[in-house]
Amino acid sequence: MRVGIEVGGTFTDLVAVDRGEVRVIKVPSTPRSPDIGAFNALGAAGIPAEAVTDLVHGSTVATNAILERRGADIASIATRGFRDILFMQRHDRRRIYDLHYAKPAPPVRRRDCFEVAERIGADGTVIQSLDEAEVARELLPALAAGGYRAVAICLLSAYASPAHEMRLKELIAAALPGLTIAASHEVAPEFREYERASTTALSAYVQPVIDGYLSRFETTLAGAGFRGHFSVMQSNGGRMPAAAMRRNAISALLSGPAAGVVGAIRQAARSGRGNLVTFDMGGTSTDVSLVQNGEAALAAETEVDGLPIRTPVLDIVTVGAGGGSLVWIDDGGMLRVGPRSAGAEPGPACYGRGGTQPTVTDAHVVRGTIRPDAFLGGGMSLDADAAHRAFEDVARRLGTDIRGAAAAAIRLAVANIVRAMQLVSTERGRDPRDYALLPFGGAGPLLATEIAEELGIREILVPPNPGVISALGLLSADYVKVRGATRRLALDEGTPSAIAADCARLRAATEAEFAELGLTGPLEPSLELDMRFIGQAFEIPVTVDPAAVAGLSAADLAERFAEEHRRVYLHGGEPGRKVELVGLRFGLRRRLDALPEVRERAAELARPATAEVVTGGATVQARLADAATLGIGEVVRGPALIEGYSSTTWVPPGWGGARDAAGNMLLRKEG
Numbered sequence: 001m002r003v004g005i006e007v008g009g010t011f012t013d014l015v016a017v018d019r020g021e022v023r024v025i026k027v028p029s030t031p032r033s034p035d036i037g038a039f040n041a042l043g044a045a046g047i048p049a050e051a052v053t054d055l056v057h058g059s060t061v062a063t064n065a066i067l068e069r070r071g072a073d074i075a076s077i078a079t080r081g082f083r084d085i086l087f088m089q090r091h092d093r094r095r096i097y098d099l100h101y102a103k104p105a106p107p108v109r110r111r112d113c114f115e116v117a118e119r120i121g122a123d124g125t126v127i128q129s130l131d132e133a134e135v136a137r138e139l140l141p142a143l144a145a146g147g148y149r150a151v152a153i154c155l156l157s158a159y160a161s162p163a164h165e166m167r168l169k170e171l172i173a174a175a176l177p178g179l180t181i182a183a184s185h186e187v188a189p190e191f192r193e194y195e196r197a198s199t200t201a202l203s204a205y206v207q208p209v210i211d212g213y214l215s216r217f218e219t220t221l222a223g224a225g226f227r228g229h230f231s232v233m234q235s236n237g238g239r240m241p242a243a244a245m246r247r248n249a250i251s252a253l254l255s256g257p258a259a260g261v262v263g264a265i266r267q268a269a270r271s272g273r274g275n276l277v278t279f280d281m282g283g284t285s286t287d288v289s290l291v292q293n294g295e296a297a298l299a300a301e302t303e304v305d306g307l308p309i310r311t312p313v314l315d316i317v318t319v320g321a322g323g324g325s326l327v328w329i330d331d332g333g334m335l336r337v338g339p340r341s342a343g344a345e346p347g348p349a350c351y352g353r354g355g356t357q358p359t360v361t362d363a364h365v366v367r368g369t370i371r372p373d374a375f376l377g378g379g380m381s382l383d384a385d386a387a388h389r390a391f392e393d394v395a396r397r398l399g400t401d402i403r404g405a406a407a408a409a410i411r412l413a414v415a416n417i418v419r420a421m422q423l424v425s426t427e428r429g430r431d432p433r434d435y436a437l438l439p440f441g442g443a444g445p446l447l448a449t450e451i452a453e454e455l456g457i458r459e460i461l462v463p464p465n466p467g468v469i470s471a472l473g474l475l476s477a478d479y480v481k482v483r484g485a486t487r488r489l490a491l492d493e494g495t496p497s498a499i500a501a502d503c504a505r506l507r508a509a510t511e512a513e514f515a516e517l518g519l520t521g522p523l524e525p526s527l528e529l530d531m532r533f534i535g536q537a538f539e540i541p542v543t544v545d546p547a548a549v550a551g552l553s554a555a556d557l558a559e560r561f562a563e564e565h566r567r568v569y570l571h572g573g574e575p576g577r578k579v580e581l582v583g584l585r586f587g588l589r590r591r592l593d594a595l596p597e598v599r600e601r602a603a604e605l606a607r608p609a610t611a612e613v614v615t616g617g618a619t620v621q622a623r624l625a626d627a628a629t630l631g632i633g634e635v636v637r638g639p640a641l642i643e644g645y646s647s648t649t650w651v652p653p654g655w656g657g658a659r660d661a662a663g664n665m666l667l668r669k670e671g
């Protein structure tokens, strides 16, 4: 039995595959102890731990530790003269009109930042040797007295030569064996000093939290008789054994959103769709990503709470517009949606758990696109009166009725999501009209048609069980490891062979790690080069076949870079302008067997023929269809609500579609 458990902000989702049979379940999350929600899901599904052979887990534990500042007490060590790099940051100002603007606070106090005497040049040469006597005399006693749980080491130019960081780590580990140590050459061996320092500090900050969480999880599993493989999802769209997360917890930062993209790609491939805009609207936020030819793009860097994290992640943009996002009026009298959320506790007002503020979910209840008796297949009844009461104050302040206020909130949520989609499509040089929209998450299919109309997207692909696609993605994920490296080279005829040598080095290190973790079998390599015109400040990723890179010429690489530059900026640069390589990312993938076909979970509830829905300022009678019994090829025309266990799909007037042989619902605008 293979089981995927994804812990979200509002619900914890489980998908289990047992000898070809697929089971799904959703239970409320337990934000204070996410592992409890995971085991509640196993219990609700009736799955004994000893029966599970492969368990894959994704959660927001690392992200929440940063957002809520609940990480470990850490110390930071830098080269002498660079103690304040985490506080100086970059010379930018995110909100130029905010008189009270302050840069994001790093996860370490200034008094806990230390310096060591040493210096390595950008070319890796030693300018000043590490003063080990000073380390023993001053640094080690200070660390011992500080009561720290972890330490972050980020020495200048360690990406070019890690010798001093390696030696300093040895000295600290020998003197303070219980201390967690994060060194930049292991966490983020790439240039740009502040980003590398921030990533290393955050890795040290969350590592003890992840270690503790995984230890509790593994202990509970072992006590329940679990003897299978336990893996954790990474931000790069691949899984790794839990043991690997103890070395670099920062790689699991965005595991939930990444799992959703992987699940969406796998399910869309069954219908022959490889170009997608994925749209995951859960309880707390919405994550969007663009998929080209069945592959999601990797970004070299992301941010959490304004702090940069330089680690390979799927190119996902997140906005605070989930089902639980609060609807409120700001000081200027403007309607706002998010980023604050009702979360799992107390949740939307309609959940009946003490929430009184209106949310997007409450707006759907008011509009009629969520029927209180059909939520979670009838397994959870909603309080429609509470949803209406929650919107009374918003409606009064806007000078409209409750239904008008709810409709305005939904329109604003749509606008926020559309802007996020433009960030991953048009601002990346891609036209969203050339892609299919794939909505998932509990709230995604409710807004899909409105978003598609705003972007001019002509086809929507709604997968079966859309509310648990992230959990399905956990099971669909291959084992993946991506290593980055800085390589500053002006493009010439020697560059391809230098790249090939770097690939060989990174491949050897990655294969050794796979072997140590017991991951055997064929491995598929991948390679992305970061290139730019000499004089540019930032680079463009260029995908290259690692097996063929040694046979390419400098002109071949320059032309591939020019093509990508042209796609993003609409021009390929000035003729003859010199190009340079600044870094690369090499990955290895161990593919797993494909999952069986996933069908909708049947709901046990009586369903009338129609229901009232407010759309376009009018009330219409919408057909009610059961997602589990909808036949292949059976046409559904709007207005209609297709109700499933984990989500409801709203088909407005003028739209229609049918379920295909893969179980996906294909919706198109008619006429």
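With full-length UniProt numbering applied, the sequence shown corresponds to residues 1 to 671, in that order. Built from N, CA and C at the ideal position, the CB exists for glycine as well.
Quiz item: Mapping DSSP to helix, strand and coil, what is D393?
Solution: As a working mapping, residue 393 is identified with position 393 in the sequence shown. For D393, the secondary structure class from DSSP, reduced to helix, strand or coil, is helix.
Quiz item: Any contact of the segment 186–195 with the segment 110–120, i.e. 3+ C-beta pairs under 8 angstroms?
Solution: With the cut-off at 8 angstroms, the segment 186–195 and the segment 110–120 do not touch.
Self-check item: R585 to A609 span [Cα, whole Å]
Solution: Within the sequence shown, the letter at position 585 stands for residue 585. Within the sequence shown, the letter at position 609 stands for residue 609. Counting only the Cα atoms, A609 lies some 54 angstroms from R585.
Quiz item: Exposed or buried, which one is D530 when buried takes at least 16 other CB atoms within 10 Å?
Solution: Position 530 of the sequence shown, counted from the start, is the residue given in the question as residue 530. It is buried - the Cβ of D530 has at least 16 other Cβ atoms within 10 Å.
Exercise. Determine the extent of the alpha helix (DSSP H) in which Q422 is found, giving its start and end residues.
Key: Numbered from 1 along the sequence shown, position 422 holds the residue referred to as residue 422. DSSP places Q422 inside the alpha helix (DSSP H), whose first and last residues are 402–424.
Practice problem: Counting only the same chain and skipping the five closest in sequence on each side, list residues whose C-beta sits under 7 angstroms from that of Q128. | Solution: Within the sequence shown, the letter at position 128 stands for residue 128. Excluding residues within five positions, the ones whose Cβ falls inside 7 angstroms are A117, E118, R119.
Quiz item: In this structure, what does DSSP give as the bridge partners for Y479?
Solution: Residue mapping note: residue 479 aligns to position 479 of the sequence shown, counting from 1. Its beta-bridge partners are R239, R590.
Quiz item: Relative to the alpha-carbon of G583, which residue among A300, R246, R567, V424 has its alpha-carbon at the smallest distance?
Solution: Counting from 1 along the sequence shown, the entry for residue 583 is found at position 583. Of the listed residues, the one whose Cα sits closest to G583 is A300.
Quiz item: In terms of residues, what are the limits of the alpha helix (DSSP H) holding R266?
Solution: On the sequence shown, residue 266 is found 266 positions in, with the first residue counted as 1. Here the alpha helix (DSSP H) through R266 covers 255–269.
Quiz item: For Q292, which three-state DSSP category applies?
Solution: Along the sequence shown, read from residue 1 onward, the residue named residue 292 stands at position 292. Three-state result, Q292: strand.
Quiz item: Three or more beta-carbon pairs under 8 angstroms between the segment 253–266 and the segment 475–490, yes or no?
Solution: In short, these stretches touch, since the Cβ pair count reaches three.
Quiz item: Is there contact between the segment 408–418 and the segment 450–466, where contact requires at least three CB pairs shorter than 8 angstroms?
Solution: With the cut-off at 8 angstroms, the segment 408–418 and the segment 450–466 touch.
Quiz item: Which whole-angstrom value describes the C-beta separation of A105 and A152, a residue pair presumed to lie in contact below a C-beta threshold of 8 angstroms?
Solution: Numbered from its first residue, the sequence shown carries residue 105 at position 105. Numbered from its first residue, the sequence shown carries residue 152 at position 152. Going by Cβ atoms, the distance from A105 to A152 rounds to 15 angstroms, so no, they are not a contact pair.
Quiz prompt | Collapsed DSSP secondary structure at P525 in the structure displayed | solution = Here residue 525 refers to the residue found at position 525 of the sequence shown. Strand, per DSSP.
Quiz item: D287 by DSSP, collapsed to three states: which one?
Solution: To locate residue 287, count along the sequence shown from 1; it is residue 287. Secondary structure at D287: strand, using DSSP grouped into helix, strand and coil.
Quiz prompt | Contact under 8 angstroms by Cβ, A554 with L491 | solution = The residue given as residue 554 occupies position 554 in the sequence shown. The residue given as residue 491 occupies position 491 in the sequence shown. It is a contact, given that the beta carbons lie within the stated cut-off.
Quiz prompt | Own chain, CB closer than 8 angstroms to T400, minus 5 neighbours either side, in chain order | solution = Counting from 1 along the sequence shown, the entry for residue 400 is found at position 400. Here T400 has A408 as same chain residues with Cβ atoms under 8 angstroms from its own Cβ, once five neighbours each way along the sequence are excluded.
Quiz prompt | R567 classed as buried or exposed, judged by whether at least 16 other C-beta atoms fall within 10 angstroms | solution = For the purposes of this step, residue 567 is identified with residue 567 of the sequence shown, where counting begins at 1. R567 should be labelled exposed.
Quiz prompt | Reference I250; option with closest CA among G274, R196, N275 | solution = On the sequence shown, residue 250 is found 250 positions in, with the first residue counted as 1. Among G274, R196, N275, the Cα nearest to that of I250 is on R196.
Quiz item: In whole angstroms, what separates the C-alpha of L143 from that of L171?
Solution: Position 143 of the sequence shown holds residue 143. Position 171 of the sequence shown holds residue 171. Rounded to the nearest angstrom, the two C-alpha atoms are 12 angstroms apart.
Quiz item: From N664, M665, G656, G663, pick the residue whose C-alpha is nearest to that of G671; which is it?
Solution: Within the sequence shown, residue 671 is the residue found at index 671, counting from 1. Ranking the options by Cα distance to G671, first place goes to G656.
Exercise. Can you give me the Cβ contacts of R637 inside the same chain, cut-off strictly under 6 angstroms, excluding the 5 residues immediately before and after it?
Key: If you number the sequence shown from 1, residue 637 lands on position 637. Excluding its 5 nearest sequence neighbours in each direction, R637 has C-beta neighbours in its own chain below 6 angstroms: G656, listed in chain order.
Quiz item: Any idea if N293 is buried or exposed, counting beta-carbon neighbours within 10 angstroms, 16 or more meaning buried?
Solution: Here residue 293 is taken as the residue at index 293 of the sequence shown, counted from 1. N293 is exposed by the Cβ-count criterion.
Quiz prompt | Contact the segment 161–177 vs the segment 494–505: 3+ CB pairs below 8 angstroms | solution = No, because fewer than three Cβ pairs between the segment 161–177 and the segment 494–505 fall closer than 8 angstroms, the two stretches do not touch.
Exercise. Just mark P48 as buried or exposed, buried being the case when its beta carbon has 16 or more other beta carbons within 10 Å.
Key: For this step, residue 48 is matched to residue 48 along the sequence shown. Exposed, by the Cβ-count rule.
Quiz prompt | A373 versus F39, L624, L55, residue with shortest Cα-Cα distance | solution = Residue mapping note: residue 373 aligns to position 373 of the sequence shown, counting from 1. Before going on, a small fix: residue 373 reads as Asp here, not Ala. Minimum Cα-Cα distance from D373 among the listed residues F39, L624, L55 corresponds to L624.
Self-check item: Nearest to E539 (by Cα), restricted to the options A550, A562, T619
Solution: Locating residue 539 in the sequence shown gives position 539, where the first residue counts as 1. Per the C-alpha coordinates, the member of A550, A562, T619 positioned closest to E539 is A562.
Exercise. Assuming G228 and T53 form a contact by the criterion Cβ under 8 angstroms, report the distance between their Cβ atoms to the nearest whole angstrom.
Key: Here the question's residue 228 lines up with position 228 in the sequence shown. Here the question's residue 53 lines up with position 53 in the sequence shown. Correct: roughly 4 angstroms between the Cβ atoms.
Quiz item: Is the beta carbon of G322 less than 8 angstroms from the beta carbon of G355?
Solution: Walking along the sequence shown from the start, residue 322 turns up at place 322. Walking along the sequence shown from the start, residue 355 turns up at place 355. No. Outside cutoff.
Quiz item: From the DSSP output, which residues share a beta bridge with I25?
Solution: On the sequence shown, residue 25 is found 25 positions in, with the first residue counted as 1. Partner(s): L14.
Quiz item: With 16 as the cutoff for other CB atoms within 10 Å, does M665 come out buried or exposed?
Solution: One-based indexing of the sequence shown puts residue 665 at position 665. Counting Cβ neighbours within 10 Å, M665 comes out buried, since at least 16 surround it.
Quiz prompt | Option in R458, G444, R411, G484 with minimal Cα separation from R433 | solution = By 1-based counting over the sequence shown, the position of residue 433 is 433. Closest option to R433, Cα to Cα, is R458.
Quiz prompt | Outcome for P575 when other beta-carbon atoms lying within 10 angstroms are tallied against a minimum of 16 | solution = Taking the sequence shown and counting its residues from 1, one reaches residue 575 at position 575. Here P575 is exposed. Its C-beta has fewer than 16 other C-beta atoms within 10 Å.
Self-check item: D373 - DSSP class collapsed to helix/strand/coil
Solution: The residue labelled residue 373 in the question sits at position 373 within the sequence shown. Per DSSP, reduced to three states, the secondary structure at D373 is helical.
Exercise. Please check the pair P439 and I410, which I expect to be a contact at CB under 8 angstroms, by giving their CB distance rounded to whole angstroms.
Key: Position 439 of the sequence shown, counted from the start, is the residue given in the question as residue 439. Position 410 of the sequence shown, counted from the start, is the residue given in the question as residue 410. Between P439 and I410 the beta-carbon gap is near 14 angstroms, outside 8 angstroms, which marks them as no contact.
Quiz item: Roughly how many angstroms lie between the CA atoms of V480 and R591, to the nearest whole one?
Solution: Start at 1 with the first residue of the sequence shown, and residue 480 comes out as number 480. Start at 1 with the first residue of the sequence shown, and residue 591 comes out as number 591. For V480 and R591, the distance between alpha carbons rounds to 9 angstroms.
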